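Visitor:
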Amino acid sequence: MEVGVVRVAEDRDFTNLKELLDHHAEWKLDYHKGPIKVWTKTLHNTNFKMIKVLASFDDISTDVMYDVLHDPEYRKVWDQHMIESHDIGYLNPNNDVGYYSMSCPSPLANRDFVLQRSWLDLGDEKYILNHSVYHVNYPPKKGFIRATSYLTGFLLRYNKQTGGCNLGYISQTDPQGTLPPWLVNRVTHIFGPKMVKSLQKATLGYKEWKAMNHPHFKPWHYPEQIKSPRLNLKECVMSTIEVSQRQKTEDENLPQSTPIKIKKSSKAK
Numbered sequence: 001m002e003v004g005v006v007r008v009a010e011d012r013d014f015t016n017l018k019e020l021l022d023h024h025a026e027w028k029l030d031y032h033k034g035p036i037k038v039w040t041k042t043l044h045n046t047n048f049k050m051i052k053v054l055a056s057f058d059d060i061s062t063d064v065m066y067d068v069l070h071d072p073e074y075r076k077v078w079d080q081h082m083i084e085s086h087d088i089g090y091l092n093p094n095n096d097v098g099y100y101s102m103s104c105p106s107p108l109a110n111r112d113f114v115l116q117r118s119w120l121d122l123g124d125e126k127y128i129l130n131h132s133v134y135h136v137n138y139p140p141k142k143g144f145i146r147a148t149s150y151l152t153g154f155l156l157r158y159n160k161q162t163g164g165c166n167l168g169y170i171s172q173t174d175p176q177g178t179l180p181p182w183l184v185n186r187v188t189h190i191f192g193p194k195m196v197k198s199l200q201k202a203t204l205g206y207k208e209w210k211a212m213n214h215p216h217f218k219p220w221h222y223p224e225q226i227k228s229p230r231l232n233l234k235e236c237v238m239s240t241i242e243v244s245q246r247q248k249t250e251d252e253n254l255p256q257s258t259p260i261k262i263k264k265s266s267k268a269k
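Last residue of the sequence shown? That's 269 in UniProt numbering, and every number before it is there in order.
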């Protein structure tokens with residue numbers, strides 16, 4: 001999936017996520033504590049590292065964790081970083097576009113995203129992908145920096161030995177702004193394990209919460225419950241502000257021409 005491109009996710013997109021999670025060549029193991037491992041990978045096209053988290057939870061089912069990752073109302077309960085989240089429109093029952101804003105740990109400023117989300121439930125394997133796109137009605141907001149998700153994905157796999165859940169998480173995100181890459185990479189390294197631990201805790205409490213909060217409302221399972229409008233692809237383009245910002249950046253990056261000095265000819269004697 002490419003930044004800015006809105007399309008139905010294909011098998012190759014989900015396969016790509018699985019391969020990134022299963023192959024560790026060129027990845028560096030930076031953290032290993034208990035059931036959680038964190039790898040990072042240096043990429044050629046950016047100073048920001050890709051992060052990979054693998055974790056195994058014997059007391060959690062893939063079905064419940066999948067619901068936790070999807071349920072927008074429950075996210076308000078467990079996601080301490082979320083400021084705002086809502087659907088913009090759906091492409092089909094397994095692909096939609098939405099807006100998400102989040103608070104960031106100091107010294108980072110708050111960020112927001114416009115994201116296409118795609119998901120696939122194969123029973124023992126459940127996938128969720130997202131990447132940044134544009135929508136003309138959702139320009140960058142005052143007080144936020146519009147960040148870019150090149151790829152963020154979850155793969156939940158049923159553990160046949162324990163009956164639990166094996167979690168895989170990948171993220172390649174550019175927070176934009178002026179922070180040095182080393183600082184962003186450090187914050188990301190800390191954020192990965194904390195996010196997984198928060199997700200584990202949220203999953204353990206989901207069944208009780210859901211039983212009292214619209215227990216039968218799960219549009220990610222039942223498309224007839226989708227309330228957002230059908231997505232208009234003509235609106236999935238940069239806003240006027242974003243076009244102006246891109247043009248300004250391109251102009252600033254143009255090579256500066258050196259003024260040509262014209263030597264005056266001496267008068268004939």
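Built from N, CA and C at the ideal position, the CB exists for glycine as well. All values derive from a computational prediction rather than experimental measurement.
Suppose you measure from the CA of lysine 248 to the CA of arginine 146; what does that come to, to the nearest Å?
Guide: Translated into positions along the sequence shown, residue 248 becomes position 248. Translated into positions along the sequence shown, residue 146 becomes position 146. Their Cα atoms are separated by approximately 16 Å.
Visitor: With 16 as the cutoff for other CB atoms within 10 Å, does threonine 178 come out buried or exposed?
Guide: As a working mapping, residue 178 is identified with position 178 in the sequence shown. Exposed, since its Cβ has fewer than 16 Cβ neighbours within 10 Å.
Visitor: Less than 8 Å between the CB atoms is what I'm expecting for histidine 99 and valine 114, so what's the real figure, rounded?
Guide: Locating residue 99 in the sequence shown gives position 99, counting from the first residue. Locating residue 114 in the sequence shown gives position 114, counting from the first residue. First, the residue type needs correcting, since residue 99 is tyrosine and not histidine in the sequence shown. With a Cβ gap of about 6 Å, tyrosine 99 and valine 114 count as contacting.
Visitor: For a test of the three-state rule: what should DSSP assign to threonine 240, helix, strand or coil?
Guide: For this step, residue 240 is matched to residue 240 along the sequence shown. It is helical.
Visitor: Under a three-way DSSP split, which group does methionine 65 fall into?
Guide: Along the sequence shown, one-based indexing puts residue 65 at 65. If DSSP states are grouped into helix, strand and coil, methionine 65 belongs with the helices.
Visitor: What does the alpha-carbon distance come out to for the pair proline 93 and proline 175?
Guide: As a first step, residue 93 must be located in the sequence shown, where it is residue number 93. As a first step, residue 175 must be located in the sequence shown, where it is residue number 175. Cα-Cα distance, rounded: 29 Å.
Visitor: In the DSSP assignment, find the beta strand (DSSP E) that holds glutamate 84 and state where it starts and stops.
Guide: Position 84 of the sequence shown holds residue 84. Segment 82-92, the beta strand (DSSP E) holding glutamate 84.
Visitor: Determine, using beta carbons only, whether isoleucine 36 and valine 53 come nearer to each other than 8 Å.
Guide: Position 36 of the sequence shown holds residue 36. Position 53 of the sequence shown holds residue 53. Taking 8 Å as the Cβ cut-off, isoleucine 36 and valine 53 qualify as a contacting pair.
Visitor: Does the distance between the C-beta of glycine 4 and the nearest non-hydrogen atom of the ligand HEM fall short of 7 Å?
Guide: This structure lacks the ligand HEM; in fact it carries no ligand of any kind.
Visitor: Would you call tyrosine 134 buried or exposed, if buried means 16 or more other Cβ atoms sit within 10 Å of its Cβ?
Guide: Looking up residue 134 in the sequence shown gives position 134. Buried.
Visitor: Considering phenylalanine 154, what are the terminal residues of the beta strand (DSSP E) in which it resides?
Guide: Indexing the sequence shown from 1 puts residue 154 at position 154. Per DSSP, phenylalanine 154 belongs to the beta strand (DSSP E) from 148-158.
Visitor: Is the region 27-35 touching the region 151-165 in the sense that three or more CB pairs, one from each, lie closer than 8 Å?
Guide: At 8 Å Cβ cutoff, the stretches do not touch.
Visitor: Quick check: the region 112-127 against the region 11-19, are there 3 or more CB pairs under 8 Å?
Guide: Output reads yes: the region 11-19 touches the region 112-127.
Visitor: Which residues does DSSP pair with serine 101 in a beta bridge?
Guide: Position 101 of the sequence shown holds residue 101. DSSP lists Glu84, Asp112 as partners of serine 101.
Visitor: Taking a contact to mean a Cβ-Cβ separation below 8 Å, would you say tryptophan 119 touches tryptophan 220 in this structure?
Guide: One-based indexing of the sequence shown puts residue 119 at position 119. One-based indexing of the sequence shown puts residue 220 at position 220. A contact, by the Cβ cut-off of 8 Å.
Visitor: Quick check on the DSSP output: the beta strand (DSSP E) that includes leucine 167 runs from which residue to which?
Guide: For the purposes of this step, residue 167 is taken as residue 167 along the sequence shown, with counting starting at 1. 165-174 is the span of the beta strand (DSSP E), which, as asked, contains leucine 167.
Visitor: Could you tell me which residues DSSP puts in a beta bridge with leucine 183?
Guide: Counting from one through the sequence shown, the residue named residue 183 turns up at place 183. Answer by DSSP bridge pairing: none, since leucine 183 is not bridged.
Visitor: Using only alpha-carbon positions, find the residue among Leu91, Asn45, Met82 that is nearest to proline 229.
Guide: To locate residue 229, count along the sequence shown from 1; it is residue 229. For the residues Leu91, Asn45, Met82, the minimum Cα distance to proline 229 belongs to Leu91.
Visitor: Between the alpha carbons of lysine 142 and lysine 197, how many angstroms are there, rounded?
Guide: Counted from its first residue, the sequence shown places residue 142 at position 142. Counted from its first residue, the sequence shown places residue 197 at position 197. One C-alpha to the other measures close to 31 Å.
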